[in-house]
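Below is one structure, written out as structure tokens; the observations come after it.
There are 2 protein chains.
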Amino acid sequence: MSDQEMTTREAPAPKAMRADAQRNRDKLVEVAAQTFAADGVDASLEEIAKRAGVGIGTLYRHFPTREHLVEVVYRREVEGLCHAAEELAREHPADVALELWMQRFVDYIATKRGLATSLRLLLTTNSTLFSDTSGRVSGAMRSLIEAAAAAGKIRADVDASDVMHALGGIYSAPNTPDWRDRSGRLVKLLMDGLRFGAKG
Amino acid sequence: MSDQEMTTREAPAPKAMRADAQRNRDKLVEVAAQTFAADGVDASLEEIAKRAGVGIGTLYRHFPTREHLVEVVYRREVEGLCHAAEELAREHPADVALELWMQRFVDYIATKRGLATSLRLLLTTNSTLFSDTSGRVSGAMRSLIEAAAAAGKIRADVDASDVMHALGGIYSAPNTPDWRDRSGRLVKLLMDGLRFGAKG
DNA sequence: CACTAAAACGGAGGTGCCTCCGTTTATTTA
DNA sequence: TAAATAAACGGAGGCACCTCCGTTTTAGTG
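Those sequence lines, one after another, are chains A and B.
Per numbering that gives the first Met the number 0, the very first residue in the first sequence carries number 0; after that it's consecutive.
Per numbering that gives the first Met the number 0, the very first residue in the second sequence carries number 0; after that it's consecutive.
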């Protein structure tokens, strides 16, 4: 009711932000996402500020603690994953969309694993973080699966929670160097299983 | 069976330690305990090393992370508390011993509250830490209560878990400046309740 | 004792954290 | 458009972390 802004980009306060502030903030999140992915969540904040082309003071004004920044990056990741689900569904056959999305889901898991360590403390206070994001993710997965089943591309006797459960092994797998490859094979294997007996 | 040492002082490895190493280690723990109590668990490690009269390198050799040091200090605290129970029981009438011990228990709680924050991360991996120490503490309390009850100094229809429960309020009380005083009054009040109806 | 190997010491140095405040820039007002 | 004001910028500076390695000390051995 009282919203006055159309720019619904991620903003900490509902108050409108100055243009340069918004620009810098977006750039910081962008760079932080890349850097965390590449170097882990312990990456230097000064390095992130430098790569984003702003001073360290600016980074700290927007994100008072490292955890704040990590949380925003994580939420953005979830956002991207859910958005990708819609996009893939629009541009590919339902079963292909599902497979491509699951491949991307693997990356998300990797991120989540990395962040979980650094957010463990935060989670004790702000416990809604993981629960509501994982709700959104499984919602996205559900849409893809139902669409694929409705199109007869995969069997109809499974649901999102079954698939999520089948992917559970990714979570517990140790951080071996070939982790990613193995996860990719797991996804392919799972897709074969899903396709087998389609329209049956 | 294979123990070769009598010096059962807190030592990380069963291997005998060089005399100077042991000396420095003990001093560090001693100083760290004081400093953490005075300045909180975020106290500067370099400051602790300096006060202990050793180089920062020595501190890190003995305690690779801050958490290691905090944990050792905490265990020492528990040790002291349990030892105090025996000593007080030896030197005072049973009810006085119990009261004095509970006063000291208040300090222990304060320490534990402070450490809990910094150990929260550690606790997820090493979850035996709090469970086994609190087991020892409640054991000490039980001895004192049973002795006092057996001597007819306090009523016999309460046990350690009742008293622990009654002291629970200390835990949740906010960090007001008069926290300590109020806790002291709570202990006195509780003792009056325990004494009332003794030998009844 | 003198000698030696192994263990422990310690602090310089390189890096990151975070605050503080003088400077710059966007927005509002006249 | 120009001036005024509020907001944001940015980096110097001070402090703490932690590693690395040359120096010192201890505990055996002849």
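Backbone N, C-alpha and C fix where the C-beta goes; we use that ideal spot for every residue, glycine too.
Computed from a predicted model, the values in this text were never measured in an experiment.
Residue burial is scored here from C-beta neighbours: A/A149 has fewer than 16 other C-beta atoms within 10 angstroms and is therefore classed as exposed. In the DSSP assignment, A/I144 falls within the unbroken alpha helix (DSSP H) covering 127-149. Under the three-state reduction of DSSP, B/R179 is assigned to helix. Excluding sequence positions up to five before and after A/L114, its CB lies within less than 7 Å of the CB of V40, V69, Y73, all in the same chain and listed in chain order. Under the three-state reduction of DSSP output, A/V53 falls in the coil class, being neither helix nor strand.
By the Cβ neighbour-count rule, B/E76 is buried, with 16 or more other Cβ atoms within 10 Å of its own.
By the criterion of a C-beta distance shorter than 6 Å, B/A32 is surrounded in its chain by V72, once the five residues flanking it on both sides are discounted. In this structure, DSSP gives B/G196 a state outside helix and strand, which the three-state scheme calls coil.
Here B/L185 has no same chain residue with a Cβ atom under 6 Å from its own Cβ, once five neighbours each way along the sequence are excluded. Excluding sequence positions up to five before and after A/R135, its CB lies within less than 7 Å of the CB of V77, C81, all in the same chain and listed in chain order.
The Cβ-Cβ distance between B/Q102 and B/G183 falls below 8 Å. Taking 8 Å as the cut-off, the Cβ atoms of B/A159 and B/I169 do not count as close. When the beta-carbon positions are compared, A/A197 and A/R154 come within less than 8 Å of each other.
Under the three-state reduction of DSSP, A/F62 is assigned to coil, being neither helix nor strand. The shortest C-alpha to C-alpha distance from B/M190 to any of B/R17, B/D19, B/V95 is the one to B/V95. With respect to the 8 Å criterion, A/T34 and A/A48 are not classified as neighbours on the basis of their beta carbons.
Rounded to the nearest whole angstrom, the CA to CA distance from A/S130 to A/V162 is 18 Å. Spatial neighbours of A/L99 in its own chain (CB-CB distance under 6 Å, excluding positions within 5 residues in sequence) are listed in chain order as L87. Rounded to whole angstroms, A/R194 and B/H61 show a C-alpha spacing of 58 Å. When rounded, the separation of the alpha-carbon atoms in B/D156 and B/L97 is 16 Å.
Residue burial is scored here from C-beta neighbours: B/L188 has fewer than 16 other C-beta atoms within 10 angstroms and is therefore classed as exposed. Across the set A/A20, A/Y107, A/P176, the C-alpha of A/A20 shows the shortest separation from the C-alpha of A/Y59. A/A139 is not a Cβ neighbour of A/A93, given a cutoff of 8 Å. Counting along the chain, no alpha helix (DSSP H) covers B/D156, and no H or E run does either. Assigned with DSSP and collapsed to three states, A/D25 falls in helix. Per DSSP, the continuous alpha helix (DSSP H) segment holding B/S171 begins and ends at 167-171.
Taking the C-beta atoms as reference points, A/L27 is found no nearer than 8 Å to A/E66. Pairing A/K152 with A/D180, the inter-Cα distance amounts to about 25 Å.
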